[in-house]
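Per the working numbering, the very first residue in the sequence shown carries number 2; after that it's consecutive. For every residue, glycine included, the Cβ atom is placed at its ideal position computed from N, Cα and C. Here's the structure we're looking at; comments come further down.
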Amino acid sequence: MSKKKTVKKTTKKRVVLKLKKKMVFNVILMSLLFIGSIFLFVFASNIEVDESRKILTSTEKSNISYQVNLVKNGFYQTPSLGMDQQYPQSLTNDIIINYEYLLNYTDVVKYTYNYYVTATIVINNKNTSVNSKDLLLEKSYQLEKPISSSSSNSRLKINKNYRIDYKTYNSFVNQYKNTLGLNVDSYLKVIFHINVDGKYSNEYIYNNKDIEVDIPLVKNPYEITINNPKDQEQNIIDNDVRITRSKMFTTIASIMFLISILLFFQEVRKVISSDESQSKYISKLNKIISSNSEVIVKVKNKVNLKGHNVMEVESIEKLLDVQNELRIPIAYYEEERNNKGYFVIVNGTEAWEYILKVEEDS
C-alpha cells in the first residue's frame, strides 16, 4: 500500500473518532432539548384550571306565558283563552305573549344588556313530501326598537308583554295564498332575543338566549308551540393563572426548541467545516510526502526532542531548506490523538520541527 493511501485511510478513521467525541454531548443535549420542548408545548396547551379557581356562577332562567284574545262572539263566555289549547282562527283577535327572563350572579357584575322581539312570517309550499317543505317566503318584522341598558348588579330581571296582531299576519298570508293560488303551510315565528355582556375580575361574561314561539297561520284550529331553551348554569373561571402558566411553559418550550435547532445547525456547520479542513490537511500532507519522498522517512514513534534546542519553522519549505543544507533525512510522525503531523530534523543537539495540523473550527 502506498504512503498516500495509508495517510488517507488513517486520517478518515481519525475524523470519525473525532466527530464522535466532539458531537456526542451536543447531540444528546440537542435531543433532550427538542423532546423536552415538544413535551412542554403539549403540556402548555392542555393546562386546565381546578374547580377551586371558579370565581363566579351565573344562573339563567326564562319562562313564557301567553293568552289568546278573541273577537266578540256568541260561542265563548270568556274574552280570552289560556295556554295549551286549540284556538279557532276566525275568532282570534290578537295574542299577548309574556316573556320573563331572570339572570342571577353569585356576585355583583358590571354588565350591559339589550333585548328585542322579532316576528317572522314563514310560508312553505304545502305540495311537497312529508319530510321536506319548500320555502316560498319569509317576511320579518321588529315589534319594538331594541331596549338597551347597563347596570352593576348581581341580578337582571326582564318581564315584558308583547302584542301579536294575529289578524293582520293571518290576513297577509291569506292574501298571498289566494292571489297566487297556492296551497301553503304557514306560521308566525316570534323570537325574544336577549344579550348580556359583562366583565368580572378581568374575565368577560356572555349570556345570550333566544326564546321562540311558533303560531300557525291560515290553519283552523291551531296550536301554539313554545321553544324555550333549558335553564343554564355557567361557571366563570379565573383564566389569569392558566394563561400565565401556559405562557410560561410555552416560552420555556420555545427557548428549548430554538436552542436545539441552533445546536443542530451548529453541528452541521462543524461537520462541513471539519470535512473541508480534513480535506485540506490530507491534500497538503499527500503533496508534501509525494513531492519529497526521497528525504522524508516515516517513523513509528515520535522523535524525543528532550534536551535539544528545538526551532519551530513556519513552513515545510523552510524545513526542506534546512534538510538541503544538512543533507539529513526528515523524520515524519503523525500523532493521531491530536490530529497532527510532525516533521523533524535532528542534528546533534539542534532540532528543527514543522507541525502540520488540521485547522479546527471551535
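CA-CA distance, residue i and residue j?
{"i": "Ser63", "j": "Thr252", "result": "45 Å"}
{"i": "Val50", "j": "Glu61", "result": "The predicted model places Val50 with a pLDDT of 46, which falls under 50 and marks its position as unreliable, so this point remains unresolved."}
{"i": "Tyr142", "j": "Gly199", "result": "29 Å"}
{"i": "Leu138", "j": "Val123", "result": "6 Å"}
{"i": "Val109", "j": "Glu101", "result": "21 Å"}
{"i": "Gln87", "j": "Lys73", "result": "18 Å"}
{"i": "Thr350", "j": "Asn305", "result": "11 Å"}
{"i": "Gln235", "j": "Ile56", "result": "11 Å"}
{"i": "Val1", "j": "Ser291", "result": "No information on residue 1 is available, as it lies outside the stretch 2 to 363 that the chain covers here."}
{"i": "Ser149", "j": "Lys161", "result": "14 Å"}
{"i": "Lys285", "j": "Met249", "result": "53 Å"}
{"i": "Lys220", "j": "Lys178", "result": "12 Å"}
{"i": "Thr1", "j": "Leu71", "result": "Outside the modelled stretch of the chain, which goes from 2 to 363, sits residue 1, for which no answer is possible."}
{"i": "Asp215", "j": "Met84", "result": "13 Å"}
{"i": "Thr226", "j": "Ile65", "result": "11 Å"}
{"i": "Pro89", "j": "Ile98", "result": "18 Å"}
{"i": "Tyr201", "j": "Pro222", "result": "50 Å"}
{"i": "Leu181", "j": "His194", "result": "33 Å"}
{"i": "Lys158", "j": "Leu183", "result": "44 Å"}
For residue i, which residues of its own chain have a beta-carbon under 6 Å away from its beta-carbon, when the five flanking residues on both sides are left out?
{"i": "Ile260", "result": "Leu34"}
{"i": "Tyr282", "result": "Val359"}
{"i": "Ile331", "result": "Val296, Ile297, Gln324, Phe344, Ile346"}
{"i": "Pro147", "result": "Asn115, Tyr117"}
{"i": "Lys231", "result": "none"}
{"i": "Asp241", "result": "Residue confidence for Asp241 is low, a pLDDT of 49 falling below 50, so the modelled location carries little weight; the figure read from the coordinates is stated next. Within the same chain, Asp241 has no close Cβ partners at all."}
{"i": "Tyr167", "result": "Thr93, Asp95, Ile96"}
{"i": "Asn126", "result": "Asp135, Leu137"}
{"i": "Ser187", "result": "Ile124, Val174, Leu218, Val219"}
Take the Cβ of residue i as the centre, count every other Cβ of all protein chains shown within 10 Å, and call the residue buried at 16 or more, exposed below.
{"i": "Asn104", "result": "Reading off the sequence, residue 104 comes out as Leu, not Asn. Classification of Leu104: buried, given that the 10 Å Cβ count is 16 or more."}
{"i": "Leu263", "result": "exposed"}
{"i": "Met257", "result": "buried"}
{"i": "Ile29", "result": "exposed"}
{"i": "Ile36", "result": "exposed"}
{"i": "Val269", "result": "exposed"}
{"i": "Tyr210", "result": "A small correction: the amino acid at residue 210 is Lys; Tyr does not occupy that position in the sequence shown. Lys210 is buried by the Cβ-count criterion."}
{"i": "Asn340", "result": "buried"}
{"i": "Gly342", "result": "buried"}
Should residue i be flagged as near chain C, meaning a C-beta pair shorter than 7 Å?
{"i": "Lys161", "result": "Annotation note: the requested chain C is absent from the structure, which comprises a single protein chain."}
Which same chain residues end up closer than 7 Å to residue i when comparing Cβ atoms and leaving out the 5 residues on each side of it in sequence?
{"i": "Asn348", "result": "Leu327, Ile329"}
{"i": "Ala254", "result": "Ser38, Leu41, Phe42, Ala45"}
{"i": "Asn128", "result": "Asn184"}
Checking the sheet assignment: what are the DSSP bridge partners for residue i?
{"i": "Ile212", "result": "Phe193"}
{"i": "Tyr136", "result": "Note that residue 136 corresponds to Leu in the displayed sequence, not to Tyr. Paired residue(s): Asn125."}
{"i": "Ile356", "result": "Tyr343"}
{"i": "Glu351", "result": "Asn310, Asn348"}
{"i": "Asp198", "result": "Thr113, Tyr207"}
Once you ignore the five residues that flank residue i on each side, which residues in its own chain have a CB closer than 8 Å to its CB?
{"i": "Ser155", "result": "Asn105, Tyr106, Thr107, Asp108, Val109, Val110"}
{"i": "Val314", "result": "Leu320, Val323, Trp353, Glu354, Tyr355"}
When you measure from the CB of residue i to every non-hydrogen atom of the ligand GDP, does any distance come out below 6 Å?
{"i": "Glu313", "result": "With respect to the ligand GDP, the structure shown offers nothing to examine, as it has no ligands at all."}
Would you check if there are 3 or more beta carbon pairs closer than 8 Å linking the segment 169 to 179 to the segment 198 to 215? The answer is no - the segment 198 to 215 does not touch the segment 169 to 179, with fewer than three Cβ pairs under 8 Å.
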